[in-house]
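Peer 1: Our numbering puts the first residue of the sequence shown at 5, with every later residue one more than the last. Every residue gets a Cβ at the ideal spot worked out from N, C-alpha and C, and that includes glycine. Got a structure for you, questions after.
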Amino acid sequence: MMRQLISSGALWEPIVGYSRAVRVGNVVEVAGTTAQDGDVVTGGADIYAQAKRVLEKIGEALKAAGATFEDVVRTRIFVTDIAQWEAVGRAHGEVFGEIRPVTSMVEVRALIDPRLLVEIEATAIIST
5 MMRQLISSGA LWEPIVGYSR AVRVGNVVEV AGTTAQDGDV VTGGADIYAQ AKRVLEKIGE
65 ALKAAGATFE DVVRTRIFVT DIAQWEAVGR AHGEVFGEIR PVTSMVEVRA LIDPRLLVEI
125 EATAIIST
């Protein structure tokens, strides 16, 4: 079965040994994605703006793998402050409101950069 690797171009991908997304057959897994773009955190300290950027980046990875948001069956959301769940949930709902994949949202102590407030993963199954 073909294995397609999708890179985000992040400097640490080859160091850590990961891809932004991997497609095997009709399954696409998108790795934990943040609002970090180079040295900049898009959205600054606004968790909603960060979540919007994260979802844009997930959409780009899905497209590169031949999938769309409509193919997403599961998302996992990691936040550094669960009290801000509504803002992240609003951003998620703007993309997935009609699609309604299963999802989890959990609070984590920290992400790789202290400026990052949210990280999201996605699993898509492309209809054949």
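For W89, which residues from the same chain have a beta carbon less than 7 Å from its beta carbon, with the 5 sequence-adjacent residues on both sides left out?
Peer 2: V83 and M109
Peer 1: Which term fits T38, buried or exposed, when burial requires 16 or more other beta carbons within 10 angstroms of its beta carbon?
Peer 2: buried
Peer 1: Taking all protein chains shown into account, do 16 or more other C-beta atoms lie within 10 angstroms of the C-beta of K56, making it buried, or fewer, making it exposed?
Peer 2: Buried, because 16 or more other Cβ atoms sit within 10 Å of the Cβ of K56.
Peer 1: CB-CB under 6 Å to E98, same chain, minus the five flanking residues each way: which ones, in chain order?
Peer 2: none
Peer 1: Considering only residues of the stretch 68-103, which uninterrupted alpha helix (DSSP H) runs meet the minimum length of 4 residues and lie entirely inside it, listed in chain order?
Peer 2: 89-100
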